[in-house]
Amino acid sequence: MDSRSTSSRTLPGRESRLAADVGLSDADLIEMYRLVVLARAIDERMWVLNRAGLIPFVISGQGHEGAQVGTAWALEKGKDWIAPFYRSIATCLTFGMSARDIMTAQYATANDPSSGGRQMPGHYGSHEHNILSVSSPVATQLLHAVGIALAAKIRKTGQVAMTSMGEGSSNQGDVHEGLNFAAIHKLPFIFVVENNGYAISVPAAMEVSVADVADRASGYGIPGVVVDGSDVLACYAAARDAVARARAGEGPTLIEAKVTRLTGHSSDDQQTKYRSAEELAAERGHDALPRFREQLRDAGVLTDEIEERLEAKIAALVEDATEYAEAQPDPDPAGATRYVYADVEEPG
Amino acid sequence: MDSRSTSSRTLPGRESRLAADVGLSDADLIEMYRLVVLARAIDERMWVLNRAGLIPFVISGQGHEGAQVGTAWALEKGKDWIAPFYRSIATCLTFGMSARDIMTAQYATANDPSSGGRQMPGHYGSHEHNILSVSSPVATQLLHAVGIALAAKIRKTGQVAMTSMGEGSSNQGDVHEGLNFAAIHKLPFIFVVENNGYAISVPAAMEVSVADVADRASGYGIPGVVVDGSDVLACYAAARDAVARARAGEGPTLIEAKVTRLTGHSSDDQQTKYRSAEELAAERGHDALPRFREQLRDAGVLTDEIEERLEAKIAALVEDATEYAEAQPDPDPAGATRYVYADVEEPG
Amino acid sequence: MPPRTFIDAIRETLADEMRRDPTVIVLGEDVGKKGGVFRATDGLWAEFGDDRVIDTPLTESMIVGTSIGAALNGLRPVCEIQFADFIFPAFNQIVSEAARMRYRSNNGYGVPMTIRAPYGGGVHGALYHSQSVEAFFTHVPGLKVVVPSTPHDARGLLRSSIRDPDPVLFFEHKKMYRSVRGDVPDTDYTVPLGKAAITHPGTQVTVVAYGLMAHYALEAADRVAEDGISAEVVDLRTLRPLDTETLLDSVRKTGKCLIVYEDNRFGGYGAEVAAIVAEEAFDYLDGPVTRIAGPEVPGVPYNHVLEEWFMVNPEKIAEGIRTLAAY
Amino acid sequence: MPPRTFIDAIRETLADEMRRDPTVIVLGEDVGKKGGVFRATDGLWAEFGDDRVIDTPLTESMIVGTSIGAALNGLRPVCEIQFADFIFPAFNQIVSEAARMRYRSNNGYGVPMTIRAPYGGGVHGALYHSQSVEAFFTHVPGLKVVVPSTPHDARGLLRSSIRDPDPVLFFEHKKMYRSVRGDVPDTDYTVPLGKAAITHPGTQVTVVAYGLMAHYALEAADRVAEDGISAEVVDLRTLRPLDTETLLDSVRKTGKCLIVYEDNRFGGYGAEVAAIVAEEAFDYLDGPVTRIAGPEVPGVPYNHVLEEWFMVNPEKIAEGIRTLAAY
Ligand SMILES: Cc1ncc(C[n+]2csc(CCOP(=O)(O)OP(=O)(O)O)c2C)c(N)n1
Ligand SMILES: Cc1ncc(C[n+]2csc(CCOP(=O)(O)OP(=O)(O)O)c2C)c(N)n1
Ligand SMILES: [Mg+2]
Ligand SMILES: [Mg+2]
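Protein sequence lines correspond, in order, to chains W, D, Y and Z.
Taking my numbering, the leading residue of the first sequence gets 99, the next gets one more, and so forth.
Taking my numbering, the leading residue of the second sequence gets 99, the next gets one more, and so forth.
Taking my numbering, the leading residue of the third sequence gets 24, the next gets one more, and so forth.
Taking my numbering, the leading residue of the fourth sequence gets 24, the next gets one more, and so forth.
Next up, the structure:
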């Protein structure tokens, strides 16, 4: 059931207890940590660029990264599918997109792999990596992931499809319809709800009628799991179990990760208008990044040396991605009418 | 908490145990029985008329009548609201519509109170009786009932809004969105699912991912109750409790009544193509009508004399309604463009 | 082959395409054991089984949304919306998602999916079982919209639709299912998307129509022929992309154009046809571009008297031709 | 009063109507504490409280569907769809339900409800925060569709919409919210639904527009005036019902008609305007009915270069006027 065979090559016996407990290698843990830190670093750079007037819009994944890396890690890259949402930077990085891929989306360059500069930043996607193109109307992607899972079942590909969205979005009708269908057909499908307690300004108590979105799972006859989104390995374990169920033909799982939104909803939002300073300060304590770091350090997996190396590498990556993206040309309007339909004469 | 003050005038002490147990009078029980029998008689007449080529389309409530009369009985006529569906003949009769009202809808006469002959039979409605106009796209009416309940709460009218639909329809997205909102705001709203095991030809196992639709209630933090739809008084009791909760500001309730569909989906459907003869025969045993009759006879509430009187009256009513409807003129095409918008010059 | 009904042509083409291409699946409400409420999918479940013929729950957004996903992962779904009237719950999935997937992903993803739906009035279907909904979709770049009028075209166009790499809405007039018959070659022919047909050549007035109205237009052309008027009927067949060449060639020849559609007039599909003709054939026009369409009410009323009042029929079209010819 | 921005006019009118009529409520995503993502409802929650200003869950079908219900039971809901692009999940509730309630119940029930939604491009909103969606609704009998272009009209039309007994879609161009200012009388005036305005009298070419395009049309009229061309600008203000009288009077006078809209051209609202003009003003036309509209792509692309490419602007309109004038 090891879905990450490529990245857990080291022998189990030589791994830390922390890694062994969840069936991963120390190298896995370090790579997971690197992804969390990388996602955060790219994200922070986006805000700097936005405040400097270089990119007009930012939508952020800060506070969600741990849950994203943890859950996405359980899937098999190049085989399984992810239908992410606008906060899914860490998800996309985990599933194969690069810092340059993310940064060209911010600049909406001609070679932005997500959309060629057609979509707003945050609307990632990559055919190469089985990452579905994100759209803005929330929750629609759940049905696409269910359909991908249906095709996987019919074609017997062994693939699993995972989708993610916020708790606010989970109230959309499409979610109900999709969970019902996926459950009836026991599709290899995983629904990750990243519950950060707000839909823009509306607090969870005003947008979800239950404390845990996971409570809705039983209404479809599927397991619903609540995990602490700041606990990367708990997120991983929940997703790993869900993947196992999915591959075994046992059907979908709903995983609710309790995360936090460390920034405003987007660069257009001023969250101090509806969240108190105390609340915002308290939420900082729910950040997966420092927690994962401490955990890995305590376990002896993350050493000063490794950390320094990672830090330097990530700084260089972010620098490179920014410079690269900034240097890329804007899309040519001459191509703006292409790909409304398949371009039979000139395939893209 | 007695919501039927007009119809339970007789003293409790003089009532049968059966009536007293659910807080009703014997007169109530007889009237409820009359409504079940009347609904059935009208319905059977519809099929006769259809087979005779007199009306082109029938959609039937046979097998649902007990649950409909039981649940609707708990509401207060002229105050509360009902948003019914196409099988709701007995619901509409219970809430104040007459046999003529139902029959003019079959003939689509000019004076059909539901729609003036504009809608197909089965699309009942009555402003006079707070019965919402039925449309065809299923489940939309749930949101209307929730909105009616919202207005009741804001305007502090003390009204309750009830809606009903089939189990197949309950999978529509609107249901999810509406239950979530109604639960958040603890609206005086009751959702009745009349589960007859089929959505046209699709059996429940293929259209609902759980055995009981009522299991979905907990996902919204509201009570979900399963009742035997052939047990009229159990349906009443469940609705009575739901009404009490609603009026007390405790929010919505989901009631699932297990009913049976004694006919094809409609006059266009041949159900023997997808249901076995054995199944159809077995389902007859789940009919509320004979069961309620036995129950009332056993309790001494229904006597030969009462039964004969009822029978004669109902036969006359159905006869009258048919003759009346048949004699009514068709709508005048000259009025066919009216009421697209409010008709300011000539109010209707 | 003996002449086939319109619905035979559809059912047989579905079966053919499923035999030809194992990635084609059919899904929708009651499409399995029952074979569809109109029986357009009758026999498919028996032949192709549960995996390829799926009786879905009663949830249109799910039907379309999962079809999009299935199309992304290697299948070619042909989904049925039981009545075109019930396509609106899926509107967001069709317009926001299916139509834009290719464009927004810069050709990263495409959605080879066909959505079949019976449409149209005249069958006592009332407000919610009679609608013409094409105008809502013909406006949308990224979608293709097909409305065949003959068994021959139904077969050829359904083949093209299923094999197309992009989402196609395929509307079938339900009144034609059993009332229209015609020859259907037993070959693997296709009718290309985006090509109209001149179904009745003429010289004085161009009548543009599609679906059931294409038949009524032919009847009307016969009627006015008795008055000595020569009408040319253009059956559009595909509404998006529109075959403007055939359309404009005809109008430039006749100098007059009458557009017929069953939907209510204001903002209906024929408005775009009129606008194109008015702009691009202006110098050739010997009379106003006119339209015969449904009245401005929110649906076809049920009572047969009202339904007749609503429906466009051959005589109304003939009157329109006569008036225009006399202009 | 000092000149007001477009969004001031809307916010103040909402507050006024809520003060005047206790049955008016406002609901939508983030309309409460945050005061709306554009702050069109800022201050309402503080003044009117939880019962009358409701922050809803993120569910558009519910927002519209419960508004219908609330309207049926004695309230006048004004609901906000955060971006017009997100109205599609509510399409079924609007088109199947709100639009038909009165007709299908033979006047038993009416739905006095206003749906406000910011629409339009030019603000880096990309495919899903830039759409013009009016054409999907102007086609539908039972709905009214309003697109104001000035603070004065926004106030007068919003009043009429809220007080109207039938469902009104009220589209506000988001680029105008803070960029357009104008005088707004401090009186209880209304602007009636269904009346267009001549905002720039002229004699040679009629330019028909609405919303942001009504401003661009005025700019274009000024530009071509420098070339000695006299353009008359008709600001439609209400798209359904259309003021055909003002429209046709103008075209019959000028003999030429250019229709401008931001949405993609094919099947957009301007098609209907063109069709009406082509039919009813045919004898007066000295040139083809022409249109300047958005390109046939499924949305406004994000990158500023592509966005500029997409958007209709004053110069494109001026070119259209010049070409038509020279015809
Ligand atoms: C259908 C739809 N309606 C409204 C919006 C505008 N919108 C974008 S994100 C958002 C809030 C989402 O909240 P949640 O699902 O909790 O995710 P979060 O942003 O908190 O991660 C809203 C209202 C949208 N994108 N789509
Ligand atoms: C949105 C929508 N889709 C499809 C239909 C066609 N249709 C009418 S009734 C029905 C089945 C309803 O099943 P259920 O909700 O279980 O109610 P029942 O008829 O069994 O009482 C279907 C598919 C419809 N009316 N509306
Ligand atoms: Mg959230
Ligand atoms: Mg059922």
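By construction, the Cβ of each residue, glycine as well, lies at the ideal position given by its N, Cα and C atoms.
For residue i, which residues in chain W fall below 9 Å Cβ to Cβ?
i: D:Ser158; result: Going along chain W, no residue has its Cβ under 9 Å from D:Ser158, so there is no contact; the nearest lies around 26 Å.
Beta-carbon separation of residue i and residue j under 8 Å?
i: D:Val167; j: D:Leu387; result: no
i: D:Trp179; j: D:Leu147; result: no
i: Z:Arg260; j: Z:Val191; result: no
i: D:Gly161; j: D:Thr358; result: yes
i: Z:Asp53; j: W:Val156; result: no
i: Y:Val323; j: Y:Cys280; result: no
i: Z:Leu67; j: Z:Val49; result: yes
i: Z:Ala113; j: Z:Ser84; result: yes
i: Y:Val231; j: Y:Val296; result: yes
i: Y:Thr161; j: Y:Leu262; result: yes
i: Y:Thr89; j: D:Gln270; result: no
i: Y:Phe61; j: Y:Ile30; result: yes
Comparing alpha-carbon positions, which option in the options lies nearest residue i?
i: Y:Arg43; options: Y:Leu192, Y:Asp286, Y:Arg99 and Y:Met24; result: Y:Arg99
i: Z:Leu347; options: Z:Arg139, Z:Lys276 and Z:Ile252; result: Z:Ile252
i: Z:Glu337; options: Z:Arg246, Z:Phe29 and Z:Arg178; result: Here residue 337 of chain Z turns out to be Pro, not Glu, going by the sequence shown. Considering only alpha carbons, the answer is Z:Arg246.
i: W:Gly194; options: W:Val306, W:Pro211, W:Ser316 and W:Gln204; result: W:Pro211
i: Y:Ala301; options: Y:Ile315, Y:Asn287 and Y:Ile282; result: Y:Ile282
i: D:Arg185; options: D:Ser234, D:Glu409 and D:Arg395; result: D:Ser234
i: W:Thr351; options: W:Gly295, W:Glu129, W:Leu116 and W:Thr169; result: W:Thr169
i: D:Phe279; options: D:Gly220, D:Asp339 and D:Ala247; result: D:Ala247
i: Y:Phe71; options: Y:Ala94, Y:Asp39 and Y:Phe305; result: Y:Asp39
i: Z:Thr79; options: W:Val306, W:Glu354, W:Glu174 and W:Arg436; result: W:Val306
i: W:Leu127; options: W:Leu394, W:Leu173, W:Ala315 and W:Lys251; result: W:Leu394
i: Z:Leu241; options: Z:Tyr325, Z:Pro45, Z:Arg275 and Z:Asp258; result: Z:Asp258
i: W:Thr255; options: W:Gln426, W:Ala346 and W:Ala303; result: W:Ala346
i: D:Leu173; options: D:Ala335, D:His283 and D:Ala303; result: D:Ala335
Anything in chain D within Cβ reach of residue i, meaning under 9 Å, just list it in chain order.
i: W:Ala281; result: Ser307 and Val308
Mind listing the chain Z neighbours of residue i? Cutoff is C-beta to C-beta under 7 Å, in chain order.
i: Y:Ser153; result: In chain order: nothing, as chain Z lies at least about 12 Å away.
i: Y:Pro164; result: Asn287, Glu319, Val320 and Pro321
Who are the neighbours of residue i on chain Z, taking C-beta pairs under 8 Å?
i: Y:Ser119; result: Asp108, Phe111 and Tyr151
i: W:Tyr439; result: The premise fails here: W:Tyr439 is roughly 10 Å from chain Z at the closest Cβ pair, so nothing lies under 8 Å.
Taking 7 Å as the cut-off, is the beta-carbon of residue i closer than that to any non-hydrogen atom of ligand 1?
i: W:Glu275; result: no
i: W:Ser456; result: Because chain W in this structure spans residues 99 to 446, residue 456 of chain W falls outside the shown range and cannot be described.
i: W:Pro301; result: no
Run down chain W in chain order and give the residues with a C-beta less than 8 Å from the C-beta of residue i.
i: Z:Thr82; result: Asn269, Gln270 and Gly271
At a threshold of 7 Å, does residue i count as lining ligand 2 (C-beta to nearest heavy atom)?
i: Y:Glu103; result: no
i: D:Phe289; result: no
i: Y:Glu52; result: yes
i: Y:Leu81; result: yes
i: D:Arg449; result: The structure shown does not extend to residue 449 of chain D, since chain D is modelled only from 99 to 446, so the question has no answer here.
List the residues of chain D that residue i touches, going by C-beta distances under 8 Å, in chain order.
i: Z:Ala93; result: Gly245, Ile246, Leu248, Ala249 and Ile252
Whose Cβ in chain Y lies nearer than 9 Å to the Cβ of residue i?
i: W:Arg216; result: Tyr126, Arg127, Ser128 and Asn129
By the criterion of Cβ-Cβ separation under 9 Å, what are the contact partners of residue i in chain Z?
i: D:Leu331; result: Going along chain Z, no residue has its Cβ under 9 Å from D:Leu331, so there is no contact; the nearest lies around 30 Å.
What does residue i touch in chain Y if you count any residue whose Cβ is under 8 Å from its own?
i: Z:Val274; result: Correct list: empty, because the minimum Cβ distance to chain Y is about 12 Å.
### Query
Around ligand 4, what residues have a beta-carbon under 6 Å from a heavy atom of it, in chain order?
D:Gly264, D:Glu265, D:Gly266, D:Asn294, D:Tyr296 and D:Ala297
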